[in-house]
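In this note's numbering, the protein residues as written are 990 to 1391. Note that the Cβ used here is the ideal one computed from N, Cα and C, for glycine as well. Worksheet: the structure to be examined is printed underneath.
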Amino acid sequence: MRVLVILLSGQHVPNLLSVEAFKPDLVAYVETDDMKRIEAWNNLRKALEIKDLSFEHKAFHLSNDNSLRAIMRLFGDIQDRYKDEELIVNVTGGTKLMAIGAFEVFRKTNARIIYKPFRYVDEFIDLENDSSIETKGGLSVRQFLKGYGYDISETDEEIEERHRKYSSFFEMASYLAENFRHSTISGCLSNLMRINDGSDSGKLNIDVSDGLRTNDPILKRFLIAYLGMDSLESDELHGTLDRNIVRFLTGEWLEIFIWGVLREYGHLVDVSEPMHSVTILKKNEPGVVKNELDVAFLKDNNLCIMECKTGKQMMDRDAQKTIYKFKAVIDQFKALSTSQYLVTTSDNLLDGDGEVKNYIASRLAEYDIKLVKDLDIQNLANAVKKKDEIRIHPILREILGN
């Protein structure tokens, strides 16, 4: 029987990956009072259930994690219990003292002691002979979140259905990302935003008197197709638009563009499972605020979230509301490891030289938020139009900060 010993901690990913990589028959987990209180094992188990992994499990409680003697005694008991089994010990989790105690006990046995360096996505280290162990594990956003007690409000099927619907908008989103500065486009989209009554359901009726027009042939063709008009000759656009089209044209196009690029070219920069418009929440816990994320994905087993903003953002000129939203996400997740990006077409955050204003740059740095500016968006859109992976690769690397 293969037995995997893990040390529970606030960061579940190394333990999760070790279960997936070594496929034990039994997981022997060591938990402290703190880990029992936050239900670390229960969260990890729920994350593992997504992959339908089959194994037994046995809890070992450590009452005093500040006593090396108590720690070594507990690991000695585990060693005695499973000495005739194939034993693998993952010392990545737990406290430093727990890791030291586990190493000291098991290095004198036939157990295989492993460690997960975060910078090596597909590798564990065998500490006995200082060699790497290559592994292949497909961590999902939902798995990542479940391990911290969070979930996504929609099912995988609902998310995939929405992705299929919005993937048809990607070409138009790319066009807008490249040309949003053109007055005939920006003026039309600003006018559409003015006409919109703010409702999020039903349809928006646009009359000739609303003055919706554009000379851009591609945007005009797109609008006419969804307005129900049968002629390209009319200068005055009128008809009925579904609200999803209104949302797309008045700002959602940016997040669909970013999501679509990552879906098509994310493999160039080790991005996996990009998701568009997801709501994260802590189920069965009253008072927890839902967090709506424009774009979410995994990179190097780290959750990355993007907030996308278009237009002048007159109600949030210095991005305070957006930055505080990120802060709320960070504070709610607490130990959750995330990378945050503000993607914006607004030039309100820049000075006359095109650089981020000092006080805004300081606030972004305080919360470790990376700014993706309008020029980054346009350069990426231009490279995507040409399907030029040689250009796309460095642009994405620069945007993601690696």
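Start and end residues, alpha helix (DSSP H) containing residue 1254: 1242-1254
Residues bridged to residue 1174 (per DSSP): Bridge partners of residue 1174: none, in fact.
Simplified DSSP assignment, three categories, for residue 1169: coil
Residue burial classification, residue 1324 (beta-carbon count within 10 angstroms, cutoff 16): For residue 1324, the pLDDT reaches just 49, beneath the cut-off of 50, and the residue's location in the model is therefore unreliable, leaving the point undetermined.
Integer Cβ distance of residue 1296 from residue 1250, believed to fall under 8 Å: At roughly 16 Å, the Cβ-Cβ gap does not stay under 8 Å, so residue 1296 and residue 1250 are not in contact.
Contacting residues, own chain, Cβ-Cβ under 7 Å from residue 1168 (five flanking each side not counted): 1174
Residue 1266 beta carbon less than 8 Å from that of residue 1283: yes
C-alpha gap between residue 1243 and residue 1144, whole angstroms: 24 Å
Cβ-Cβ separation, residue 1104 to residue 1081 (assumed contact under 8 Å), whole Å: 5 Å
Residue interval of the alpha helix (DSSP H) (run including residue 1095): 1085-1095
Proximity below 8 Å, CB of residue 1184 to CB of residue 1199: yes
Rounded C-alpha distance that separates residue 1083 from residue 997: 5 Å
Contacting residues, own chain, Cβ-Cβ under 6 Å from residue 1318 (five flanking each side not counted): 1280
Other residues of its chain near residue 1155: CB distance less than 7 Å, five sequence neighbours each side excluded: 1245, 1265
Pick from 1056, 1341, 1043 that is closest to residue 1021, judged by C-alpha positions: 1056
Beta-bridge pairing of residue 1288 - partner residues as DSSP gives them: 1260, 1291
Length of the line joining the Cα atoms of residue 1383 and residue 1202: 37 Å
Sufficient close CB pairs (3 or more, under 8 Å) joining the segment 1108-1117 to the segment 1133-1147: no
Beta-bridge partners of residue 1231, as assigned by DSSP: 1192
Reference residue 1067, options 1369, 1100, 1180, 1031, closest by Cα: 1100
Of the listed residues 1334, 1046, 1338, 1315, nearest to residue 1327 (C-alpha basis): 1315
Stretch-stretch touch, CB-based, cutoff 8 Å, three pairs: the segment 1226-1240 with the segment 1347-1359: no
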